[in-house]
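Student: In my numbering, the protein residues as written are 3 to 230. Heads up, the beta-carbon is just placed ideally off N, CA and C, and yes, glycines get one too. Quick caveat, the model's predicted, so the values are computed rather than measured. Let me give you the structure first, and then I'll get to my questions.
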Amino acid sequence: MKKLLLCVVALAAMFGTGAGAQDLSGNWQGTLKAGKDLRVIFNFYKGDKDAWSAKMYSIDQGGQAIPVTSVTKLGSSIKISVDMIGGTFEGKLSDDSKTITGTWTQGTQPLPLTLGRATPETAWDIPAPPPPPKRIPDDANPTFEVATIKPTQEGTRFSIHPTRGGELIATDASLAYLIKFAYEVHPRQITKGPSWLDTDKYDLTRQARPRRPTQPEANEGDGSEAAR
């Protein structure tokens, strides 16, 4: 009887320790060596039906939240899928539950990545989200004063240059990239387009039509005074 009780206590201790060690809640951070150092953070939390969910942050590339498609945990094995950027992470949770050692794959190049559980002392700051874009004024005239589009000449290098005066000059740019630039979306969000959307390249110059002032300016000598 005494031996049985000792076995029960030992099993309870084992399962209790395991339960604590399996908790992924919070931020895990690591550095990708991808030509330059890229710091990434995964924030794990319990989602629907008590399953693990996560958000990803690449804090050296703007730091905005990237939704994680799925988190799969089998024992100490962890797999994370991030469909929006075509990335996956597969790793092993350490016995002390402080690190996840694995590989990040995006495209065809796998890169080693070790995630460490962040503490208040070691946690990296996540950049604040940018302010929402300003709405176009009701009296705006979203047309072009001048616009030219022509196929890129061989040997032209890619560039895109907007100016404060409303001019945009782009060279060797695909329509897919121009859509991404205009609407601030990820390339994987542009779907069901023609095959040439990402392959045909164009040079583009456009000048926005000036917006009419909402209030007439005072003319010299008419007795009126401009609003201050």
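Note down, in chain order, each residue of its chain lying with its Cβ closer than 6 Å to the Cβ of residue 43, except the 5 sequence neighbours on either side.
Tutor: 29, 31 and 59
Student: If you draw a straight line from the alpha carbon of residue 196 to that of residue 160, how long is it in whole angstroms?
Tutor: 21 Å
Student: Based on the DSSP output, what are the partners of residue 86 in its beta bridges?
Tutor: None, per the DSSP bridge assignment.
Student: Could I get the ranges of all uninterrupted beta strand (DSSP E) runs contained in the stretch 44-69, with 3 residues as the minimum, in chain order?
Tutor: 54-60
Student: Give the secondary structure of residue 184 by DSSP, where H, G and I count as helix, E and B as strand, and everything else as coil.
Tutor: helix
Student: Just confirm the distance between the C-beta atoms of residue 73 and residue 82, as a whole number of angstroms; I'd bet it's less than 8 Å.
Tutor: Indeed, because the Cβ distance is near 6 Å, the residues count as touching under 8 Å.
Student: What do you get for residue 113, buried or exposed, if any count of 16 or more other CB atoms within 10 angstroms of its CB means buried?
Tutor: exposed
Student: Any chance the stretch 147-158 sits against the stretch 192-208, with 3 or more Cβ pairs inside 8 Å?
Tutor: Flag = yes, the stretch 147-158 and the stretch 192-208 touch.
Student: Taking buried to mean at least 16 other C-beta atoms within 10 Å of its own C-beta, is residue 64 buried or exposed?
Tutor: exposed
Student: Go ahead and pull the three-state DSSP assignment for residue 40.
Tutor: DSSP places residue 40 in strand when its eight states are reduced to three.
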